[in-house]
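Undergrad: Take a look at this one; I'll ask things after.
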Amino acid sequence: MSILQEEVTRRGVIAGTGALVVSFSLARAFAQDLPPATPLTPPVTLPGSLDDERFLDSWIRIDADNSITVFTGKAELGQGIRTALLQVAAEELDVKPEDIVLVTADTGRTPNEGFTAGSQSMQNSGTAIRNAAAQVRALLLSEAAKRFAVAPAELKSENRTVLAKDGRSLTYGELVSELMLHVEAQPQSTLKDPGALRVMGKSLPRVDIPAKVTGGQAYVHDLRLDGMLHARVVLPPSPAAELSEVDASAAEAMPGVVSVVRDGNFLAVVAEKEFQTVNAMRTLAATARWQERESLPDQTDLPAELQRLEREVGTVAEAGVLSSGDNQFEATFMRPYQIHGSIGPSCAVAQMKADGSLDVWSHTQGVYPDRAAIAEMLAMPEEKVHVIHMEGSGCYGHNGADDAAADAALIATKVPGRPIRVQWMREQEHSWEPYGPAMLMKVNASLDRAGRIASWAYDVWSNTHSTRPGGAGALLAARHKSQPFQPKPPELNITPSGNGDRNANPLYAIANKRVLWHFLPDMPLRVSALRALGAYANVFAIESTIDELALMAAVDPVEFRLHHMEDPRARAVIELAAERFGWNGPQMPKNRGRGFGFARYKNLAAYLAVAMEVEVERETGRVRVVRAVSAIDSGEIVNPDGIRNQTEGGILQSISWTLYEAVAFDRTRITSTDWSSYPILRFASVPDSVEVHIIERPGEPFLGTGEAAQGPAAAAVANGIRNAIGKRLYDLPFTRDRVRSAVGHA
Amino acid sequence: MTISLTVNGSSHAIDADPATPLLYVLRDDLGLNGAKYGCGLGQCGSCTVVVDGEAVLSCMVPIMLLEGREVTTVEGLGTIDEPGPLQQAFIELQAAQCGYCIPGMMMSAHALLRRKAQPSEEEIREALTTNLCRCGTHMRILAAIRRAGELMRAASLPGPDEGRTG
Amino acid sequence: MWALKAAIVFVAAIFLAAGAFLVFAWRSEIPEDATAGEASFAPELVARGAQLAAVGNCIACHTVPGKPAFSGGLAVPTPFGTIYSTNITPDRDTGIGGWNEAAFERAMREGVDRAGNHLYPAFPYDHFTRVTAQDNRALYAFLMTRAAVKAEATENELPFPLEFRPLLAGWKLLFLRQGEVEPEAARSEEWNRGRYLVEGLGHCGACHTPRNAFGAEDRDRHFGGGEAEGWQAYAINPDSKAPIPWDEQSLAFYLRNGWHEFHGVSRGPMAEVTGNLSLLPDSDIAAIATYVVSVMGDPTPERAQRAAELREQFEADRLEQTADSQSSVALASGGQAGETLYLAACANCHQGARRQPFGGLNFELSTAVNAPNPQNIVNVVLFGLPPADGEASAVMPAFRHILSDQQLADLLAYMRESFSDEPAWSGLVEQVANTRSGAYKVTIRPSDGIERAPHNVGAEEE
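So this is what it looks like as structure tokens:
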């Protein structure tokens, strides 16, 4: 059953009529400590993350003082989820957003919603909170109806109060009782009609921005606890390096130094002041002697290296019979390793307390999985470890956040009592964060006489991208300890949303196709999830191919896409982006080209199409995107400006990946260790304009937005260059050298 | 060794190694959050502050060079309750995603707008050459700086730090 | 009476001389060729022209950062005033769209434009005159197939009487030796190829040879070190101050990549040179290196000895380098003002473990610290090395808003004393002040060379 059908059927059914399942637990410190109540019937599927955390009070708490607390297992990553979730909760609770305290990912307080990843926060947590809020309001109305002895329909709720027509009123706080919300959610809720929405669908200003622009405490980096010490790790100079000897005495003698920590290859220094720590780290690093060895592949031969690593092949999609025809396009595309590159290196604070429990503040994407991994690394019971999310700088997937948390945790166990703050240095983040994996894509497609795609064979060489949840073995500190943990072996697993094969199956109507995932269990460089996972490169390859096929068919590329697209919502974004761009406008001037890209993220989340005007300076090979016009359909909209902000950001970040970015390495070391050696987009090359046009779909389910632009934007750049210079580029990134070689001198 | 630093109009006696970069003193000794560690190499701009009206990278400036000079951080541009024009503009245009780079961007813009009330698009981009943003908020940052210029001109202030940094 | 006569004769003589000079200076107009801009050329010819244009570094002077390639308008500061480069795109009205090949070749050979005007020697026809007809044809083909851009040339800013172009005929009479040079039979083909590229299109001497009072290269001090756009172009003859002398391999590597581990990164105008040379085949790069190294000659035994020590020291360091830039010298403050500054502000990068070209160069290897004039260090410290746009490049922050004139002068004095055996520099405070104020004009470019991003911050008066 698709999400769409599920959403339609649950709409309009009154909640609160089923049996209430009441727990026996009264006082409680932590939501997750509640004894599991045995459901009276086998569990039914509940909306979003309610299905995993089934009690209403796991999500919403109302206290006698009329204060409202909403809990989400998702984390603010700068994507604005905090604001959007507040809007959803305020809408269905009939309160103002500012009346709600929203608690985000915290193993002590919030539901376990796994990772904040995959553009699923609105689909999972947003849906859960929306339904929970609607059901809580229904319970409050029903309680008020009982007390006022009127029918619930006679009542209305506003401003944290239930009002009767005769003027009697009771606040939510007065109505609520200890047990009222400790009930299992119902599969259906009465959600507000799209026409009656007050808070959702509006661009509520982000609640986190004022503090961020005025120097408020906004990030884990800003956390200053009483008695806090600073720590820095000394990471090995290369992935396979072993620490052979270190003389800690010089560092230990430096001002402010409290301790030098060594555990196998794990090396760190702790001091009172932050800059004392940095100096001590440098001194310590200078005395460390490492045994290095070659463990990295030949960067100039990556396609062959990737193919060599293949272990098994999975079929992602298969239909009809492949054929070869006269009009055939065959190509190999390549994507290098790329970094997350948050501007602030990873940071965490940890404190080992006298009672043997450990608090860890981290910008991890998953407080519960991170807790499990840290507990495993330290051989502590999970309930002794408390992981609290605080914002970090950017995110874009699995960066160094969990590693910094593990560093802090490990150091805290060796220097117990005082809080320990660890921040990675820039070079450490560049060298050690898990990269977005290199990928190889091969396409062989052909047209029939009518100019339609007759056959489509697509092969992608990739690992799983996400190397989590991976237990302790996913944490660098655990791998570096003298009793090291190993990463868990990844498994080939074909799923609807995919990971390495994400978006490998084109959404276009193609009768004869075969999509294979050549699975690589290992990556010679440490990798994990980077925004959009495989979708970035798969969409780049697919949409580049679509343009070549359109050229072969002598059909306009937008027309060609529409000829092969049946999904009306996909057609709508393609048509809107083309129209707003002025796709049918006059010919581009010399050295300028236009390019188009489309995808439905994961083939089940937001639809996004983007058209770009691209300028190529032939003499230098420099490419600049002049303007980008996109159209997106994210289902029902909670915060339009949030969607625009995320989409603009996705487009610009993808332009940066696509034009500039590749991790550099020799056989031993990573050599791109800072912004000098790993350049990203700077203001001189930012487009003149980026437009985001939203198609509103009131009443439709939320569709994940945050990663939707990565693939289509890359394709639009590639197709724009093709249009400008008449040559196709196959290997990312499109550096000046590559563009200049492609141009030749003609 | 004690060094006297003037930050956002207040003077502080700092007991630290004179070679300590300003960034660490702002964060560690003065408890200010605005200036951020990004690279420590002068490449990313997230630590940008203003010294005597000019944007500088605080990760590269030893405090020994700051005796008698005026340091302004994003905290000196206004408060959450009374935001200054640059802060108002960034809030109004929602010019942040993760927001980590934003205070540095604002300080580069602050120095620019002090020098030139109505900078060209090119001048704004040039003033931000050393400021990196990873979320792709660039379009909004540019718009917010233009908007801040408008707000300042509307308030007919001779310069953005009139009456703020003393 | 005789006095009057004499006066008349004298005046007549002057007029006659002036007339004769004008006749001498006069060059005919080559008629506009309306179809020149539409001509087509063999792709191989265009491709060869592209390589030659890279050797000539044409794009550097004929393009304003941020503006279309070859559309001119770049301000070139000279001791005589500011000259603006012309539009050499095939635009008929404002570029060279109406020039036929003969007009182009005459400009290269004689420094005369299509209309017959003498060109200022900021356009280095004293070198370009050596270019063969065959190569001029390829260059012409390349330029005429660029995108035409309408861009009016900016008026030069020159004091009286220098704006009077016929005067240039006199300059040419004194300093221009027209025509190609014969190969030296005793030398290798590679050496001769190198000389052709270096002395002709490459016009290395335009920057690396000192100029006389008339702005002409001083032939007696060939490659003895000159100046360009506010930067010192180091001596590349036996006077070279590189602590580890250049050899064919290191110079070829530097020209190819824009940096060398024993010499640092190219910057200032040299950055554009190395940026453009990436188009050249290895054989031409090797030829250039061979010729230039031959001009530098073998180092003295003393210099070779010192170089061997340095080489040993830095090769050992390189093997010992540990994690990234995590390690660096211990920062012990104290001593003189310059030393304290150096340790606090410079040492972390310049004595850190980040390798070239991204880490700072250790000053024991620095030509700049050993050069007779500290201008290049002044420029880099004040204005930094701006990041290249979208390309890996060395980046150094600007310190002009941090260091006072005196502080920078102290720093320079310390560096000279610690990292060089050369005598102290003098007049440092004034030199720093003039550079900072823009009284001495400097162009600032990122180290990748072919830059279209930041303006030439140093050239602007603040």
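Chains as they are written, first to last, in this note's numbering: chain S, 1 to 746; chain Y, 1001 to 1166; chain H, 2001 to 2462. Backbone N, C-alpha and C fix where the C-beta goes; we use that ideal spot for every residue, glycine too.
Can you pull the chain Y neighbours of residue 732(S), defined as C-beta to C-beta under 8 Å?
TA: For the purposes of this step, residue 732(S) is taken as the residue at position 732 of the first sequence. Under the 8 Å cutoff, chain Y gives no residues; its nearest Cβ is about 17 Å from residue 732(S).
Undergrad: What does the Cβ neighbour count give for residue 98(S), buried or exposed, with the cut at 16 atoms within 10 Å?
TA: Position 98 of the first sequence holds residue 98(S). Answer is exposed; the Cβ neighbour count stays below 16.
Undergrad: Looking at residue 2059(H): is its Cβ nearer than 8 Å to the Cβ of residue 2156(H)?
TA: To locate residue 2059(H), count along the third sequence from 1; it is residue 59. To locate residue 2156(H), count along the third sequence from 1; it is residue 156. Against a cut-off of 8 Å, the Cβ pair of residue 2156(H) and residue 2059(H) comes out as no contact.
Undergrad: Classify residue 33(S): buried if its beta carbon has 16 or more other beta carbons within 10 angstroms, exposed otherwise.
TA: Here the question's residue 33(S) lines up with position 33 in the first sequence. Reliability fails at residue 33(S), whose pLDDT of 41 lies under 50, so the model's placement of it is uncertain and no value is given.
Undergrad: Give the single residue among 1005(Y), 1142(Y) and 1155(Y) whose Cα lies nearest to the Cα of residue 1072(Y).
TA: Taking the first residue of the second sequence as 1, we reach residue 1072(Y) at position 72. It is 1005(Y).
Undergrad: To the nearest angstrom, report how far apart residue 13(S) and residue 153(S) are at their CA atoms.
TA: By one-based count along the first sequence, residue 13(S) stands at place 13. By one-based count along the first sequence, residue 153(S) stands at place 153. For residue 13(S), the predicted model reports a pLDDT of 33, less than 50, meaning its position is unreliable and no value from the coordinates is stated.
Undergrad: Can at least three beta-carbon pairs, one atom from the segment 376 to 383 of chain S and one from the segment 342 to 350 of chain S, be found at a separation below 8 Å?
TA: Not touching, per the Cβ criterion.
Undergrad: If we ignore side chains and look at the alpha-carbon of each, how far apart do residue 284(S) and residue 414(S) end up?
TA: Your numbering for residue 284(S) matches position 284 in the first sequence. Your numbering for residue 414(S) matches position 414 in the first sequence. Straight-line Cα distance between these residues: approximately 18 Å.
Undergrad: Excluding the 5 residues preceding and the 5 following residue 309(S) in the sequence, name in chain order all residues of the same chain whose CB lies nearer than 7 Å to its CB.
TA: Sequence index remark: in the first sequence, residue 309(S) carries index 309 (1-based). Excluding sequence neighbours, residue 309(S) sits near 520 and 522.
Undergrad: How about residue 2225(H) and residue 2210(H): are their beta carbons less than 8 Å apart?
TA: Start at 1 with the first residue of the third sequence, and residue 2225(H) comes out as number 225. Start at 1 with the first residue of the third sequence, and residue 2210(H) comes out as number 210. In this structure, residue 2210(H) lies closer than 8 Å to residue 2225(H) by Cβ.
Undergrad: Give the secondary structure of residue 622(S) by DSSP, where H, G and I count as helix, E and B as strand, and everything else as coil.
TA: For the purposes of this step, residue 622(S) is identified with residue 622 of the first sequence, where counting begins at 1. It is a strand residue.
Undergrad: Going along the chain, which residues of the segment 667 to 693 of chain S sit with their C-beta nearer than 8 Å to a C-beta in chain Y?
TA: For the segment 667 to 693 of chain S, which is checked against every Cβ of chain Y, the residues closer than 8 Å are 674, 675, 676, 680, 681, 682, 683, 684, 686, 687, 689 and 690.
Undergrad: Taking residue 2391(H) as the query, report the chain S residues whose CB atoms sit under 7 Å from its CB, ordered along the chain.
TA: Numbered from its first residue, the third sequence carries residue 2391(H) at position 391. Residues of chain S passing the Cβ test: 679 and 736.
Undergrad: Of all the options 158(S), 226(S), 473(S) and 231(S), which has the alpha carbon lying nearest to the alpha carbon of residue 198(S)?
TA: By 1-based counting over the first sequence, the position of residue 198(S) is 198. The candidate whose alpha carbon is nearest that of residue 198(S) is 158(S).
Undergrad: Output needed in chain order: residues of the segment 413 to 426 of chain S with a Cβ under 7 Å from some Cβ in chain Y.
TA: For the segment 413 to 426 of chain S, which is checked against every Cβ of chain Y, the residues closer than 7 Å are 423, 425 and 426.
Undergrad: Of all the residues that make up the segment 1073 to 1103 of chain Y, which are near chain B by a beta-carbon distance shorter than 7 Å?
TA: Given the protein chain composition of this structure (S, Y and H), no chain B is represented.
Undergrad: Do you know how far the Cα of residue 2128(H) is from the Cα of residue 2179(H)?
TA: Against the third sequence, residue 2179(H) aligns to sequence position 179. Against the third sequence, residue 2128(H) aligns to sequence position 128. Rounded to the nearest angstrom, the two C-alpha atoms are 9 Å apart.
Undergrad: Can a CB atom of chain Y be found closer than 8 Å to the CB of residue 210(S)?
TA: Counted from its first residue, the first sequence places residue 210(S) at position 210. Answer yes: the Cβ-Cβ gap between residue 210(S) and chain Y drops below 8 Å somewhere.
Undergrad: Residues of chain S with CB closer than 9 Å to the CB of residue 1062(Y), please, in chain order.
TA: As a position in the second sequence, residue 1062(Y) is number 62, starting the count at 1. By Cβ distance, chain S contributes nothing, its closest Cβ being about 10 Å from residue 1062(Y), past 9 Å.
Undergrad: Does DSSP put residue 157(S) in a helix, in a strand, or in coil?
TA: Here residue 157(S) refers to the residue found at position 157 of the first sequence. Strand.
Undergrad: From the DSSP output, in three-state form, read off residue 1162(Y) for me.
TA: In the second sequence, the residue the question calls residue 1162(Y) occupies position 162. Only weak support is given to the placement of residue 1162(Y): the predicted model assigns it a pLDDT of 46, under 50, and the value that follows is read from those uncertain coordinates. Coil at residue 1162(Y), not helix or strand.
Undergrad: List, from N- to C-terminal side, the alpha helix (DSSP H) runs of 4 residues or more that fit wholly inside the segment 277 to 334 of chain S.
TA: DSSP runs (the alpha helix (DSSP H)) wholly in the segment 277 to 334 of chain S: 302 to 308.
Undergrad: What's the C-alpha gap between residue 460(S) and residue 538(S)?
TA: Taking the first sequence and counting its residues from 1, the one referred to as residue 460(S) is at position 460. Taking the first sequence and counting its residues from 1, the one referred to as residue 538(S) is at position 538. Computed Cα separation, rounded: 8 Å.
Undergrad: Please name the residue, chosen from 2248(H), 2249(H) and 2292(H), that lies closest to residue 2234(H) on a Cα-to-Cα basis.
TA: Locating residue 2234(H) in the third sequence gives position 234, counting from the first residue. It is 2292(H).
Undergrad: Mind checking whether residue 294(S) and residue 673(S) have CB atoms under 8 Å apart?
TA: Counted from its first residue, the first sequence places residue 294(S) at position 294. Counted from its first residue, the first sequence places residue 673(S) at position 673. Contact: no.
Undergrad: Tell me, please, whether the CB atom of residue 1056(Y) is closer than 8 Å to any CB atom in chain H?
TA: Against the second sequence, residue 1056(Y) aligns to sequence position 56. Interface residue, yes.
Undergrad: Quick one: grab the DSSP three-state call for residue 451(S).
TA: In the first sequence, the residue the question calls residue 451(S) occupies position 451. Here residue 451(S) sits in coil by DSSP.
Undergrad: Compute the Euclidean distance between the alpha carbons of residue 86(S) and residue 657(S), then round it to the nearest angstrom.
TA: Residue mapping note: residue 86(S) aligns to position 86 of the first sequence, counting from 1. Residue mapping note: residue 657(S) aligns to position 657 of the first sequence, counting from 1. Spanning the two alpha carbons is a distance of roughly 32 Å.
Undergrad: Could you name the residues of chain S that residue 1032(Y) contacts, counting a contact when the two beta carbons are closer than 7 Å?
TA: On the second sequence, residue 1032(Y) is found 32 positions in, with the first residue counted as 1. Under the 7 Å cutoff, chain S gives 215.
Undergrad: Label residue 485(S) either buried or exposed according to how many other C-beta atoms from any shown protein chain fall within 10 Å of its C-beta, with 16 as the threshold for buried.
TA: What you label residue 485(S) is simply residue 485 of the first sequence in a count that begins at 1. Label assigned to residue 485(S): buried.
Undergrad: Taking 8 Å as the threshold (C-beta atoms), are residue 608(S) and residue 632(S) in contact?
TA: Here residue 632(S) is taken as the residue at index 632 of the first sequence, counted from 1. Here residue 608(S) is taken as the residue at index 608 of the first sequence, counted from 1. Yes, the pair counts as a contact, with Cβ atoms nearer than the cut-off.
Undergrad: For residue 1055(Y), which residues of its own chain have a beta-carbon under 7 Å away from its beta-carbon, when the five flanking residues on both sides are left out?
TA: On the second sequence, position 55 is the one that residue 1055(Y) refers to. Correct list, in chain order: 1048, 1107, 1108 and 1111.
Undergrad: Can you list the residues of chain H that residue 659(S) reaches, using a CB-CB cut of under 8 Å?
TA: The sequence position of residue 659(S) within the first sequence is 659, counting from 1. Ordered by position in chain H, the residues that pass the 8 Å Cβ test against residue 659(S) are 2390.
Undergrad: Do we get a CB-CB distance below 8 Å when we pair residue 1138(Y) with the residues of chain S?
TA: Translated into the one-based positions of the second sequence, residue 1138(Y) becomes position 138. It does: the Cβ of residue 1138(Y) has a partner Cβ on chain S nearer than 8 Å.
Undergrad: Thinking C-beta only, is residue 2229(H) closer than 8 Å to residue 2077(H)?
TA: What you label residue 2077(H) is simply residue 77 of the third sequence in a count that begins at 1. What you label residue 2229(H) is simply residue 229 of the third sequence in a count that begins at 1. Taking 8 Å as the Cβ cut-off, residue 2077(H) and residue 2229(H) qualify as a contacting pair.
Undergrad: Anything in chain S within Cβ reach of residue 2059(H), meaning under 9 Å, just list it in chain order.
TA: For this step, residue 2059(H) is matched to residue 59 along the third sequence. The contacting residues are 619 and 620.
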